[in-house]
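Quick notes on the structure that follows.
In the numbering used here, the protein residues as written are 1023 to 1394.
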């Protein structure tokens, strides 16, 4: 006779063991990465913490250290602070990249002295207007860090390594804080798909993102296009609209990624990061979060969208059609943007059932050079 009770108990022990192993892998990965800075080679963003959090959460913890062995070698050392950010001067220090080390030290101290949810609630509305920070990587890294904390039921206040990751994310965001020009709260009637389609392109796409974002205020139709989104009536509607925005940006990647396959990933991953942060925030902050996420997605779209769309479903090479296989494809490919897009695309596919979300990942893997 089969002892089904024993089977269940063994299964629970295996599940508990898997969770412990994954948690340990993420902790080890964060410890390795926290010896490095949020930027490298000028001001390229360190994607390591975001990628490993996604890999562990999707069950690829065994691949994390192998991936890190190659990635960490590219990174710079952790910057040191020289002039502490004071309680009364934080506004003047926002967006001062020269004080990156000071901001990292500030949030490290904040998160040692106060509950992390209180710190997030205080600083979220201060940082949100500068959501373009680090080409939106400030908010994206914050979203991954918060998501990692929320995956630790009953241990949220005790995991110092995850708290340290949140501190580095917030510090990076504060140091690179960058507002988006000529952006007013949405007041139109368009759903996210139609609103994104109406965003105009910046005229000069010859340089990096700062040059492109600097043009937004003068782009004809920019202000009216971002105002066209239908506003949310309440917090729950804001959360639903954020999900719709992430869905629309991910599906649009399939037909527009050729404009810039790396940078256009962030049009989808930025609103996803904001969406994942909402459970840690009080609902009265959710509407502003939607508006800022829309600003970020629209700005990236304006900066990098191609002049023409392509009917990509017909020319995407055959790829896996199951979510787990798609994420495995991304891990094998190795590029951090492909991994992050896969992480977002699996959420989109779960919400919509649309196979184009998974095809977007195959699209990214064909357009972005593999990491080796």
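Note that CB positions come from ideal geometry on N, CA and C, so glycine has one too.
Classify residue i as buried or exposed, calling it buried when 16 or more other Cβ atoms lie within 10 Å of its own Cβ.
| i | result |
| --- | --- |
| residue 1068 | buried |
| residue 1232 | exposed |
| residue 1306 | exposed |
| residue 1114 | exposed |
| residue 1144 | exposed |
| residue 1392 | exposed |
| residue 1152 | buried |
| residue 1375 | exposed |
| residue 1228 | exposed |
| residue 1247 | buried |
| residue 1059 | buried |
| residue 1377 | exposed |
| residue 1189 | buried |
| residue 1261 | buried |
| residue 1206 | exposed |
| residue 1283 | buried |
| residue 1163 | buried |
| residue 1132 | buried |
| residue 1354 | exposed |
| residue 1343 | exposed |
| residue 1226 | exposed |
Give me the Cα-Cα distance between residue i and residue j, rounded to the nearest whole angstrom.
| i | j | result |
| --- | --- | --- |
| residue 1186 | residue 1388 | 35 Å |
| residue 1235 | residue 1318 | 10 Å |
| residue 1090 | residue 1242 | 44 Å |
| residue 1109 | residue 1124 | 13 Å |
| residue 1178 | residue 1052 | Annotation note: pLDDT 49 at residue 1178 (below 50); position unreliable, no value reported. |
| residue 1334 | residue 1276 | Residue placement at residue 1334 cannot be trusted, given a pLDDT of 49 that sits under 50; what the coordinates show is reported in the next sentence. Approximately 6 Å, taken between the alpha carbons. |
| residue 1082 | residue 1092 | 16 Å |
| residue 1300 | residue 1308 | 7 Å |
| residue 1168 | residue 1191 | 10 Å |
| residue 1302 | residue 1139 | 6 Å |
| residue 1080 | residue 1222 | 36 Å |
| residue 1331 | residue 1063 | 32 Å |
| residue 1099 | residue 1174 | 29 Å |
| residue 1280 | residue 1095 | 29 Å |
| residue 1016 | residue 1348 | With the chain running from 1023 to 1394 in the structure shown, residue 1016 is simply not present. |
| residue 1256 | residue 1217 | 20 Å |
| residue 1102 | residue 1285 | 29 Å |
| residue 1061 | residue 1097 | 7 Å |
| residue 1310 | residue 1172 | 21 Å |
| residue 1372 | residue 1107 | 42 Å |
| residue 1136 | residue 1127 | 14 Å |
| residue 1170 | residue 1251 | 31 Å |
| residue 1366 | residue 1298 | 10 Å |
| residue 1296 | residue 1321 | 16 Å |
| residue 1112 | residue 1122 | 13 Å |
| residue 1066 | residue 1258 | 35 Å |
| residue 1149 | residue 1104 | 22 Å |
Is the CB of residue i under 8 Å away from at least one CB in chain B?
| i | result |
| --- | --- |
| residue 1071 | No chain B is present in this structure, which holds just one protein chain. |
Going by the C-beta, is residue i closer than 7 Å to any heavy atom of the ligand GDP?
| i | result |
| --- | --- |
| residue 1360 | Summarising the ligand content, the structure contains no ligands, and the ligand GDP is consequently not present. |
Tell me which same chain residues have a C-beta within less than 6 Å of the C-beta of residue i, skipping the five on either side of it?
| i | result |
| --- | --- |
| residue 1166 | 1072, 1075 |
| residue 1160 | 1194, 1195, 1198 |
| residue 1070 | 1055, 1093 |
| residue 1370 | 1269, 1272, 1379 |
| residue 1245 | 1204 |
| residue 1312 | 1254, 1260, 1263, 1264 |
| residue 1356 | 1392, 1393 |
| residue 1158 | 1288, 1292, 1318 |
| residue 1129 | 1189, 1192, 1193 |
Using a Cβ-Cβ cutoff of less than 7 Å, which residues in the same chain neighbour residue i once the five nearest sequence positions on both sides are dropped?
| i | result |
| --- | --- |
| residue 1267 | 1214, 1293, 1315, 1316, 1319 |
| residue 1200 | 1117, 1152, 1154, 1155 |
| residue 1224 | 1234, 1237, 1238, 1241, 1324, 1325 |
| residue 1037 | Confidence at residue 1037 is low in this model, with a pLDDT of 38, below 50, so its placement is unreliable and the value that follows should be read with caution. Same-chain partners within the cutoff: there are none. |
| residue 1141 | 1132, 1133 |
| residue 1028 | In this predicted model, residue 1028 has a pLDDT of only 35, less than 50, meaning its place in the structure is not dependable; the value taken from the coordinates is given anyway. Here the set comprises nothing. |
| residue 1390 | 1283, 1284, 1357, 1359, 1360 |
| residue 1304 | 1143 |
| residue 1047 | 1078, 1083, 1086 |
Excluding the 5 residues preceding and the 5 following residue i in the sequence, name in chain order all residues of the same chain whose CB lies nearer than 8 Å to its CB.
| i | result |
| --- | --- |
| residue 1363 | 1272, 1275, 1287, 1290, 1291, 1352, 1382, 1383, 1386 |
| residue 1049 | 1181, 1183, 1184 |
| residue 1358 | 1069, 1070, 1072, 1073, 1093, 1393 |
| residue 1057 | 1099, 1100 |
| residue 1212 | 1220, 1250, 1251, 1252 |
| residue 1350 | 1082, 1342 |
Could you give the C-beta distance for residue i and residue j, rounded to a whole number, given that I count them as a contact under 8 Å?
| i | j | result |
| --- | --- | --- |
| residue 1208 | residue 1253 | 5 Å |
| residue 1380 | residue 1328 | With a Cβ gap of about 22 Å, residue 1380 and residue 1328 do not count as contacting. |
| residue 1210 | residue 1249 | 6 Å |
3-residue-minimum beta strand (DSSP E) runs that sit fully inside the region 1272-1319, ordered along the chain: For the region 1272-1319, not a single whole beta strand (DSSP E) run of length 3 or above is found.
Secondary structure, beta strand (DSSP E): runs of 3+ residues fully inside the region 1211-1239: Counting whole runs of 3 or more residues, the region 1211-1239 contains no beta strand (DSSP E) stretch at all.
Sequence ranges, alpha helix (DSSP H) only - wholly within the region 1047-1131, length at least 4: Those alpha helix (DSSP H) runs which fall completely within the region 1047-1131 and span 4+ residues are 1070-1079, 1086-1093, 1112-1115.
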